[in-house]
Amino acid sequence: MPAETRTAVDKALDLVEAVARADRPPRLTDLAEEVGLHRATAYRVLVDLVRRGWVLRAGDRYLPGTAVLRLSSSAARNSLGALARPVLDRLSERTGMMVNLQVPEADRSRVIDVVRPDRLAMISRLMGEALPVHRFAGPLALVAALEPADRAPYLRTAEADGHPLDGPDGLLADVERTARTGFAVEYGRNEQPVASLGRAVVTRPGAPVCAVTLVGLGAEIDENRLGLLQELLREATDELGRILSGPGSPAPSSPSAAVPTASAPPSIDAARAASESPTAGEHRAGGLHVTDPTESATATPSPAPSPEGQS
0 MPAETRTAVD KALDLVEAVA RADRPPRLTD LAEEVGLHRA TAYRVLVDLV RRGWVLRAGD
60 RYLPGTAVLR LSSSAARNSL GALARPVLDR LSERTGMMVN LQVPEADRSR VIDVVRPDRL
120 AMISRLMGEA LPVHRFAGPL ALVAALEPAD RAPYLRTAEA DGHPLDGPDG LLADVERTAR
180 TGFAVEYGRN EQPVASLGRA VVTRPGAPVC AVTLVGLGAE IDENRLGLLQ ELLREATDEL
240 GRILSGPGSP APSSPSAAVP TASAPPSIDA ARAASESPTA GEHRAGGLHV TDPTESATAT
300 PSPAPSPEGQ S
């Protein structure tokens, strides 16, 4: 289409289509060249597309957004779900638990992929459902990774549902602890006796791309297993962050200042036999359980790509 006849809608659709058909997550420069737009113009349009959910930004690359995924059951091969599925499969196999992938929306998170082993068929998959922050570990991990000013819509949803925000059992305390540790564990807030452990994937500070959540019976996410499950989940989310950032990009940002650093053994059962005592510094509050790693070794977060440093 001649440039002079292209409307704002044309430009937006051109960019959505370019993201969807890319062989791998493209950068801003790649998209601008492909659709014939000035880089600054393409960036302005992409900002709106990200805000509306048509495009998902992961570091300096772009993927099809949740709006595209909802419209098409055969979303682009380069969708977040397609890129994450091998990671989810491996995590489920290593832990024996259900694993889901969630993305942030306006005031909740949405489940966009699930791997559920046969033994946990009694637990709801929640595929496609929007989850509130006060009842699930996945959205809690996402909200805790946001900038404080961006958390308000999620907190309002919890408050409207009658969940307290203040006090030791309030949501704000849960968010603060999760922001510090990078992990949130939910015990039976949505369904007894189900528990879940979530961690966000953060490719640039304050802007989580998604969360990966382990889901199982509460007895299986006990104090003896929690440390190992956190380590396996950390490895999976770090791997997904590297995939989304692309080759040659800076390492993704950690969603917390300190995370467990013990090496994960080949299987969860072997590790459980070697670990007979609870993890140090644990807290339980209002059905959410997060581990404070201040008594453990700490890891320095890797530098994250700057929002301005696109190529």
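Just so we're aligned, residue 0 is where the sequence shown starts under numbering that gives the first Met the number 0, counting upward by one. Idealized CB from N, CA, C, for every residue including glycine. Since we're looking at a predicted model, the values are computed, not measured.
1) With DSSP collapsed to three states, give me the class of Gly-205.
2) Taking C-alpha atoms, which residue in Glu-175, Arg-23, Gly-187 and Thr-156 lies nearest to Leu-79?
3) Between the Cα of Gly-217 and the Cα atoms of Leu-170, Val-208 and Leu-228, which residue gives the shortest distance?
4) How big is the Cα-Cα spacing for Val-44 and Asp-117?
5) Taking the alpha carbon of Arg-203 as the point to measure from, which residue in Asp-47, Leu-196, Asp-237 and Gly-127 has its own alpha carbon closest?
6) Buried or exposed for Gln-191, please, with buried defined as at least 16 other CB atoms from any protein chain shown within 10 angstroms of its CB.
7) With a Cβ-Cβ cutoff of 8 Å, do Thr-212 and Gly-166 count as a contact?
8) I'd like to know if the region 130-145 and the region 185-200 are in contact, where contact means that at least 3 CB-CB pairs between them fall below 8 Å.
9) Taking the straight line between their C-alpha atoms, what separation do you get for Glu-219 and Gly-226?
10) What does the Cβ neighbour count give for Arg-60, buried or exposed, with the cut at 16 atoms within 10 Å?
11) State the DSSP-derived secondary structure class of Pro-152, mapped to helix, strand or coil.
12) Any chance you could list the beta strand (DSSP E) runs of at least 3 consecutive residues sitting entirely within the region 187-231, in chain order?
13) To the nearest angstrom, report how far apart Ala-105 and Ala-172 are at their CA atoms.
14) Apply the 10 Å Cβ neighbour rule to Arg-51 and answer buried if 16 or more other Cβ atoms are within range, or exposed otherwise.
15) Would you decide whether Ala-7 is buried or exposed? Buried here means 16 or more other CB atoms lie within 10 Å of its CB.
16) Classify Ala-120 as buried or exposed, calling it buried when 16 or more other Cβ atoms lie within 10 Å of its own Cβ.
17) Mind checking who Pro-103 pairs with in its DSSP beta bridge?
18) Given Ser-262, which residues of its chain have a CB within under 8 Å of its CB, disregarding the five upstream and five downstream residues?
19) By the 10 Å Cβ neighbour count, where 16 or more other Cβ atoms means buried, how is Thr-28 classified, buried or exposed?
20) Which first and last residues belong to the alpha helix (DSSP H) in which Pro-24 is found?
21) Reducing DSSP to helix, strand and coil, say where Val-317 ends up.
22) Please report how far the alpha carbon of Ala-235 lies from the alpha carbon of Leu-82, in whole angstroms.
23) Could you work out which residue in Arg-89, Asp-221, His-133 and Ala-19 is closest to Arg-107 when comparing CA atoms only?
24) Taking Ala-57 as part of the beta strand (DSSP E), name the residues at either end of that continuous run.
25) Note down the Cα distance separating Ser-252 from Val-34, rounded to an integer number of angstroms.
26) Hey, would you say the C-beta of Pro-131 is under 7 Å away from at least one heavy atom of the ligand HEM?
27) On the CB-based measure, 16 or more other CB atoms within 10 Å of its CB, does Asp-13 come out buried or exposed?
28) Please name the residue in Ala-140, Val-49, Leu-48 and Thr-94 whose C-alpha comes closest to that of Arg-224.
29) Out of curiosity, what's the CA-to-CA distance linking Val-49 and Leu-243?
Short version:
1) Here Gly-205 sits in strand by DSSP.
2) Ranking Glu-175, Arg-23, Gly-187 and Thr-156 by Cα distance to Leu-79 puts Arg-23 first.
3) Nearest of Leu-170, Val-208 and Leu-228 to Gly-217, Cα basis: Leu-228.
4) Spanning the two alpha carbons is a distance of roughly 44 Å.
5) Looking at the Cα atoms, Asp-237 is the closest of the given residues.
6) It is exposed - the Cβ of Gln-191 has fewer than 16 other Cβ atoms within 10 Å.
7) Their beta carbons are not under 8 Å apart, which means Thr-212 does not touch Gly-166 by this criterion.
8) Yes: the two stretches touch, three or more of their Cβ pairs being nearer than 8 Å.
9) Their backbone Cα atoms lie some 12 Å apart in a straight line.
10) Buried is the call here.
11) In the structure shown, Pro-152 sits in a helix (DSSP, three-state: H, G or I).
12) Uninterrupted beta strand (DSSP E) stretches at least 3 residues long and entirely within the region 187-231 occur at 193-201 and 207-216, given in chain order.
13) Their backbone Cα atoms lie some 21 Å apart in a straight line.
14) Arg-51 should be labelled exposed.
15) In this structure Ala-7 is exposed. Its beta-carbon is surrounded by fewer than 16 other beta-carbon atoms within 10 angstroms.
16) Taking all protein chains shown into account, Ala-120 has fewer than 16 neighbouring C-beta atoms within 10 Å of its C-beta and is therefore exposed.
17) Beta-bridge pairing links Pro-103 to Ser-108.
18) The pLDDT assigned to Ser-262 is 35, lower than 50, so where the model puts this residue is not dependable; a value taken from the coordinates is nonetheless given after this. Beyond the five residues adjoining it in sequence on each side, Ser-262 comes within less than 8 Å, by CB distance, of Glu-230 in the same chain, given in chain order.
19) Label assigned to Thr-28: exposed.
20) Going by DSSP, Pro-24 is part of no alpha helix (DSSP H) at all; its letter is neither H nor E.
21) In the structure displayed, the chain extends from 0 to 310; residue 317 sits before or after that span and is not available.
22) Ala-235 and Leu-82: Cα-Cα distance of roughly 12 Å.
23) Ranking the options by Cα distance to Arg-107, first place goes to His-133.
24) Residues 54-57.
25) C-alpha separation (whole angstroms): 30 Å.
26) Within the structure as shown, the ligand HEM is missing, as the structure has no ligands at all.
27) Counting C-beta atoms within 10 angstroms of its own C-beta, Asp-13 has 16 or more neighbours from the protein chains shown and is therefore classed as buried.
28) Selected option, being the one with the closest Cα: Thr-94.
29) Counting only the Cα atoms, Leu-243 lies some 16 Å from Val-49.
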